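Data block below; observations after.
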Amino acid sequence: MKERKLELLAPAGNFEKLKTAIYYGADAVYLGGKAFSLRAQADNFTEDEILKAVEYAHKRNVKIYVTANIFARNYDLQKAGEYFKFLQKAKVDAVLITDSGLIRLCKEVAPNLAIHLSTQANTLNKYTVKFWGEMGVERVVVARELSLSEIKEITDFCPEVEIEAFIHGAMCISYSGRCLLSNYFNGRDGNRGECVQACRWQYELREKSKEGDFYPIEEDGRGTYILNSKDLNMMDHIGEMIKAGIVSFKIEGRMKSEYYLATVINAYRRAIDEFLKIGDKYCENRTFYDELLKTNHRVFTTAYMLGENSETVNYEDSQSSGKRQFIANVVESGNGEYFTVTMRNRFKKGDLLEVLSPDENFNKTFVVDRVTDEDGNEVEDAKLVQQRLRVYSNLKLKVGDIIRR
Numbered sequence: 001m002k003e004r005k006l007e008l009l010a011p012a013g014n015f016e017k018l019k020t021a022i023y024y025g026a027d028a029v030y031l032g033g034k035a036f037s038l039r040a041q042a043d044n045f046t047e048d049e050i051l052k053a054v055e056y057a058h059k060r061n062v063k064i065y066v067t068a069n070i071f072a073r074n075y076d077l078q079k080a081g082e083y084f085k086f087l088q089k090a091k092v093d094a095v096l097i098t099d100s101g102l103i104r105l106c107k108e109v110a111p112n113l114a115i116h117l118s119t120q121a122n123t124l125n126k127y128t129v130k131f132w133g134e135m136g137v138e139r140v141v142v143a144r145e146l147s148l149s150e151i152k153e154i155t156d157f158c159p160e161v162e163i164e165a166f167i168h169g170a171m172c173i174s175y176s177g178r179c180l181l182s183n184y185f186n187g188r189d190g191n192r193g194e195c196v197q198a199c200r201w202q203y204e205l206r207e208k209s210k211e212g213d214f215y216p217i218e219e220d221g222r223g224t225y226i227l228n229s230k231d232l233n234m235m236d237h238i239g240e241m242i243k244a245g246i247v248s249f250k251i252e253g254r255m256k257s258e259y260y261l262a263t264v265i266n267a268y269r270r271a272i273d274e275f276l277k278i279g280d281k282y283c284e285n286r287t288f289y290d291e292l293l294k295t296n297h298r299v300f301t302t303a304y305m306l307g308e309n310s311e312t313v314n315y316e317d318s319q320s321s322g323k324r325q326f327i328a329n330v331v332e333s334g335n336g337e338y339f340t341v342t343m344r345n346r347f348k349k350g351d352l353l354e355v356l357s358p359d360e361n362f363n364k365t366f367v368v369d370r371v372t373d374e375d376g377n378e379v380e381d382a383k384l385v386q387q388r389l390r391v392y393s394n395l396k397l398k399v400g401d402i403i404r405r
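Counting with the numbering used here, you get residues 1 to 405 for the letters of the sequence shown.
This is the structure:
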């Protein structure tokens, strides 16, 4: 059996997000093409962009997985076959598939393309994993309804099949993502990548009276987000996930911002590396967990990973703001005098700002003393979105670092 390295797997909705994921420490990146993906509303990748993504990632020893996880109809099959041939030729490291027919098709037309089974396939038990392994599937992304103890039973029973599981991100209120709400309300099928996230909407329950009037009924007196799940957060349970036999820790979020991805990937990269050095004592450093509070998120949950859990719904709101605001991207590295940024949110001379970085500049702060445009004109108040600015500081920040407040 081949040696398996623990993998931090991150999403990428476009090429810039792919670069962000790799810069902040992802071992592998999953992305979708323009078809056959369950995130049709993400920018996604053209075939040319997939070729460039593979080249870019492989030069940095990062793997690329491509999603083709829709539930296919007959009319999808010819194009899907052509797509699988292309992915094999492009040398992607694996394709994520849900549909058993597409798996068979992929094996026929692209026999050298590794197949990972998507979480949409609702894999809940060891015999199902064994079956898919016998069908040539190298890795199974297990259903989110499983506990770590159940996953351990699976990995003990099927050591030949790699197990991938989510470690962080948005949860679906429906069973492993098989949801019909979007289709019912808007005619947009979530099982074909068009989900409108109807579970995040605010609802009212009403009771019809004898006179035909309707009266609102608040859910538990706390609001009406009755279908809105909390976000998964397993930061404090990395060791338990490893003991369960999980080899790939998956972050959800192909629709999320670059800032969100940078924050979350950076936090888990640092936490995993620290765990591998000192074991469970990594939890004593609350920096990693606190980082996850610095970007937009819902109330956190461990979902079903630690056993039965009836407290997975976020009644309060659709999403909470993080404790930091994304201010700027570093686009030219520092030279000891200044670094160049593109402004994303307003900042002024005198502001105290913080650095998000995968290197030793992480969480360093500085006061904005001087800012100019690229022509050397002084800027007291940076308020033009996407303007390129020189921020004068002796911090030698690098391209890809992020400034936040």
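Each residue gets a CB set at the ideal place from its N, CA and C atoms; glycine is no exception.
All of these numbers come straight from a predicted model, not from anything done at the bench.
Helix, strand or coil at ALA80 according to DSSP, with G and I counted as helix: Reduced to three states, the DSSP call for ALA80 is helix.
Quick check on DSSP: helix, strand or coil for VAL331? When DSSP states are grouped into helix, strand and coil, VAL331 belongs to the strand group.
Straight-line gap, ALA121 to GLU284 (C-alpha atoms, nearest Å): Cα to Cα, the separation comes out at about 37 Å.
Is the segment 297–314 touching the segment 354–369, taking contact as three or more C-beta pairs under 8 Å? The segment 297–314 and the segment 354–369 do not touch, with fewer than 3 CB-CB distances between them shorter than 8 Å.
DSSP state of GLY223, grouped into three classes? Unreliable positioning characterises GLY223 in this predicted model, as indicated by a pLDDT of 49, which lies under 50. The coordinate reading is nonetheless provided below. Here GLY223 sits in coil by DSSP.
What residues in its chain sit with their C-beta under 7 Å from that of LEU77, if we drop five residues either side in the sequence? Excluding positions up to five away in sequence, the list reads LEU105.
If we require 4 or more residues per run, which alpha helix (DSSP H) segments fall completely within the segment 72–144? Taking only runs of at least 4 residues, the alpha helix (DSSP H) segments lying wholly in the segment 72–144 are 77–90, 100–109, 126–134.
Where GLU150 falls: helix, strand or coil (DSSP): GLU150: helix per DSSP, three-state reduction.
What's the gap between the Cα of LEU28 and the Cα of LYS107? What sits at residue 28 in the sequence shown is Ala, not Leu. If you take the alpha carbons of ALA28 and LYS107, they lie about 23 Å apart.
Under 7 Å between the Cβ atoms of ILE22 and VAL62? Remark: C-beta atoms of ILE22 and VAL62 approach each other more closely than 7 Å.
Starting from ASN233 and walking both ways along the beta strand (DSSP E), at which residues does that stretch end? It spans 231–233 - the beta strand (DSSP E) in which ASN233 sits, taken as one unbroken run.
Identified DSSP bridge partners for THR340: Under DSSP, THR340 forms a beta bridge with GLU332, ARG390.
Within the chosen definition, does the segment 386–401 reach the segment 326–343 through at least 3 CB pairs nearer than 8 Å? Touching, yes.
Since VAL397 sits in a beta bridge, which residues does DSSP pair it with? At residue 397 the sequence reads Leu, which differs from the Val that was named. For LEU397, no pairing in a beta bridge is given by DSSP.
Rounded separation between ALA10 and GLU252 - CA only: Put simply, the backbone Cα of ALA10 is about 7 Å away from that of GLU252.
Taking the alpha helix (DSSP H) that TYR260 belongs to, which residues open and close that run? Run containing TYR260: 258–278, per the alpha helix (DSSP H) assignment.
From ALA80 to PHE288, what distance separates their C-alpha atoms? When rounded, the separation of the alpha-carbon atoms in ALA80 and PHE288 is 41 Å.
As a quick exercise: from ASN14, SER393, LEU276, pick the residue whose alpha carbon is nearest that of LYS256. Closest by alpha carbon: ASN14.
How about ALA267 and LEU292: do their beta carbons lie closer than 7 Å? Yes, the pair counts as a contact, with Cβ atoms nearer than the cut-off.
So, ALA165 versus VAL142, is the Cβ gap smaller than 7 Å? Taking 7 Å as the Cβ cut-off, ALA165 and VAL142 qualify as a contacting pair.
Could you tell me the boundaries of the alpha helix (DSSP H) in which LEU51 lies? Unbroken alpha helix (DSSP H) run through LEU51: 47–58.
Measure the alpha-carbon distance for GLY221 versus VAL196 and round it to whole angstroms. Interpretation of GLY221 is limited by its pLDDT of 49, a score under 50 that renders its predicted location unreliable; the figure taken from the coordinates is listed afterwards. So the two alpha carbons sit approximately 26 Å from each other.
Could you give the residue range of the alpha helix (DSSP H) that holds ASP290? Looking at the DSSP string, the run of the alpha helix (DSSP H) that includes ASP290 is 287–291.
Report the rounded CA-to-CA distance for ASP93 versus LEU113, giving the unit in angstroms. Rounded to whole angstroms, ASP93 to LEU113 spans 7 Å at the Cα level.
Return the residue from the list ALA382, ILE70, ASN74, ILE50 that minimises the CA-CA distance to ALA90. Out of ALA382, ILE70, ASN74, ILE50, ILE50 has the C-alpha closest to the C-alpha of ALA90.
Can you tell me which of GLU55, ASP373, PHE71 puts its alpha carbon nearest to the alpha carbon of LEU87? The candidate whose alpha carbon is nearest that of LEU87 is GLU55.
Do GLY245 and ILE163 come within 7 Å of each other at the CB atom, strictly closer than that value? Yes.
Pop quiz: MET241 and MET234 are said to be a contact at Cβ under 8 Å. What is the actual Cβ separation, rounded to whole angstroms? The pair is a contact, with the Cβ atoms about 6 Å apart (cut-off 8 Å).
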